[in-house]
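So the structure is just underneath, and the comments pick up after that.
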Amino acid sequence: MSDQTGAASVPTETALVAGVLRTVRRDLFTDVLAPRPLPPRPEPRPDGRLRRLPAPLREKARWTPHALVVGCAAFAFFVLLIKGVEFGSLGSVVPLTLSLLATGPVALTLLRPVGAYWISCAGLVLAMGYSGDWGSAALLCHVVVMVLVVLRTRPRLAAEMWVVTFVGCALVLTLLQRGDRDLAQYAAATAVGLVAAAAVRAWRDERRHVEETETVKEQERAHRTVLEERATIARELHDVVAHHMSVIAIQAEAAPYRVENTPPELATALGTIRENAVAALTELRRILGVVRSGDTDPYRDTDPEAPQPTLADLDALLESVRKTGLDADAVVTGAVRPLPQGVELSAYRLVQEALSNVLRHSPGASARVEIAYVLGGLGLRIVNGRPDRPAEPSPGAGHGVLGMRERVQVLGGEMTAGPTDDGGYEVAAFLPAPGTETGTGGRGGAGDAAGDPDGSEEGSSARSDGSDRSDAPDGSGESAEPAGPAGPDGAAGAAGRKSVGSGRDAEATA
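Here you go:
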């Protein structure tokens, strides 16, 4: 039984040795001179120290490792030349050749690390055969080459190069019949340095793996946030479409009773319109039931049949956030007019999400909402000041800005978001709305703006007396200046908004 076990263990050991030899051959002999240029350092992180440097210096700082390696190689080369002068052999070709073979591979590790190692080995053998002093200097340069190769390739090359180097040195000294009592000390010191280099390389590989994993997770979270936001947008827009389909069905059913002596063809056509509208409405409600089944939006109305919010509900939103302690105000500029329901719904959600972010990430800061009715659409700007204390960690994926940007892109608009110079945060968006909404929807038509001239005049006054800051980041040349935070301008803007809101409520009630 034991004989069979011993016989079976031989192939296993042989396979292990063969595997080690294949690994060494692949690491040290395969593609020895294959180019592996060291790339520049990656772009510094937004919170990194290199970001503080000017752009030209920051670009040059990415090549710092290359400059250090080349500088060390040049310094060692001149030191060896000076040593050659001390021996009185400056005019000889041998010291110059040995200096190049010892220091050149240090710089060559930036392009061909494994090839640089073998060239350094050749220089070490020649230096040991020429002079003991040259051998010590060449060995020191060779150790530097091995450390750089380990940092550039794989940690396991440290053991492979260490064995090859000192076994080769021992063989050379034996052939030259010259002993070196310091070889064991060199081997021990070199082993410590290579172990440290291998540990650094392994740590860098692990950190890179963690960063790549985090990047993939962040991309997945961002993709999931976009999908969730698109589902929310689709649900809300479906609600708007369902409302209009209901109006079409009701009008098609009531039309024959409002016209005397209705022709049979017209009655049949209206009946067909009503049937198609009801069928489409049924399908929409079925789709909405599927979409709402997984609804986990905390800002979503709890009643699925509740009407979708619009800018007319902005006062109630501001009042609710004020109750939480946020000092928030709103200013409306431009001629207030009704907009498509999708635009008003998205504008309301943008303001809601921006104020929610202020509550989460800027405790103690005040917020200002600026709404600008311009010729081509609606401009929004939500800005908050510097928080008076650090924000506490809050649950959530942290992709509120990504969701807002998705809403704006769905409508074909533009959006910017980022910190301000005073330490606050600003969100600016432009939602295109070239025409006004007409029809018999839940909101009024163009009569809202035309039927309230006072509100329009006050809104125009607030626009003409405001500051020179544009609230429509659409690049079309249309801009609206927000009213000042205090004084008669701000009062006019607020009054214009309230009067328009009252007109909308009255029309909706009617």
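When you line the sequence shown up against the working numbering, it's residues 117 to 626, in that order. In this text, a Cβ means the ideal position worked out from N, Cα and C, and glycines have one as well.
Note down the Cα distance separating residue i from residue j, rounded to an integer number of angstroms.
i: L310; j: R270; result: 12 angstroms
i: A304; j: G539; result: 55 angstroms
i: R476; j: P158; result: 32 angstroms
i: D537; j: P503; result: 13 angstroms
i: A533; j: V308; result: 51 angstroms
i: C188; j: R465; result: 59 angstroms
i: S576; j: V459; result: Here the model assigns S576 a pLDDT of 35, short of 50, so the residue's position is not dependable and the matter cannot be decided.
i: T292; j: L264; result: In the sequence as displayed, the identity of residue 292 is Leu instead of Thr. Using only the alpha carbons, I get a separation of about 29 angstroms.
i: A544; j: V467; result: 10 angstroms
i: P155; j: V230; result: 16 angstroms
i: L196; j: T180; result: 25 angstroms
i: E327; j: A318; result: 14 angstroms
i: N500; j: A481; result: 6 angstroms
i: A371; j: L430; result: 36 angstroms
i: R324; j: S478; result: 32 angstroms
i: L144; j: W250; result: 26 angstroms
i: L70; j: Y489; result: Here the chain has residues from 117 to 626 only, and residue 70 is not among them.
i: A483; j: R505; result: 15 angstroms
i: A428; j: E486; result: 14 angstroms
i: A286; j: P151; result: 31 angstroms
i: V279; j: E322; result: 26 angstroms
i: A134; j: T146; result: 16 angstroms
i: I366; j: E330; result: 54 angstroms
i: Q457; j: A177; result: 52 angstroms
i: G57; j: E369; result: Residue 57 lies beyond the residue range present for the chain, which begins at 117 and ends at 626; the question has no answer from this structure.
With a CB to CB cut of under 7 angstroms and the five nearest residues on each side skipped, what residues in its chain are close to residue i?
i: L242; result: L214 and L217
i: A223; result: V185, V186 and A189
i: M361; result: A393, A396, L397 and L400
Can you tell me whether DSSP reads residue i as helix, strand or coil?
i: G540; result: coil
i: V448; result: strand
i: P170; result: coil
i: T532; result: strand
i: P550; result: coil
i: A150; result: coil
i: S618; result: With a pLDDT of only 36 at S618, under the threshold of 50, the placement of this residue in the model should not be trusted; the figure read from the coordinates follows. Note: S618 maps to helix in three-state DSSP.
Compute the minimum distance between the beta carbon of residue i and the heavy atoms of the ligand FMN, and state whether it is under 6 angstroms.
i: N473; result: Among the ligands in the structure shown, none appear at all, so the ligand FMN cannot be discussed.
Keeping to the same chain, check which residues put their C-beta closer than 8 angstroms to that of residue i; ignore five residues upstream and five downstream.
i: P550; result: G492 and G493
i: R523; result: E345, I349, S462, R465 and L466
Spatial neighbours of residue i within its chain, please: C-beta separation below 6 angstroms, excluding the five flanking residues on both sides.
i: P172; result: none
i: M244; result: G251 and V288
i: L149; result: R228 and G231
Self-check item: Secondary structure, alpha helix (DSSP H): runs of 4+ residues fully inside the region 451 to 523
Solution: Within the region 451 to 523, the complete alpha helix (DSSP H) runs of at least 4 residues are 457 to 477.
Across the region 208 to 227 and the region 244 to 259, are there enough close Cβ pairs to call them in contact, namely three or more that are closer than 8 angstroms? The region 208 to 227 is in contact with the region 244 to 259.
Quick one: which unbroken alpha helix (DSSP H) runs of 4-plus residues sit fully inside the region 257 to 320? Chain order, please. Within the region 257 to 320, the complete alpha helix (DSSP H) runs of at least 4 residues are 273 to 291.
| task | Flag this pair as touching only if the region 307 to 324 and the region 270 to 282 have three or more C-beta atom pairs under 8 angstroms; answer yes or no. | result | The region 307 to 324 vs the region 270 to 282: in contact.
- Query: Is the region 449 to 459 in contact with the region 469 to 483, if contact means three or more CB pairs nearer than 8 angstroms?
  - Reply: Between the region 449 to 459 and the region 469 to 483 there are fewer than three inter-stretch CB-CB distances shorter than 8 angstroms, so the stretches are not counted as touching.
Requested in this report: Could you say if the region 431 to 446 and the region 519 to 535 meet the contact criterion of at least three C-beta pairs nearer than 8 angstroms?
Outcome: Taking 8 angstroms as the limit for Cβ pairs, the verdict is that the region 519 to 535 does not touch the region 431 to 446.
Secondary structure, alpha helix (DSSP H): runs of 4+ residues fully inside the region 174 to 236: Fully enclosed alpha helix (DSSP H) runs of 4 or longer: 180 to 202 and 209 to 224.
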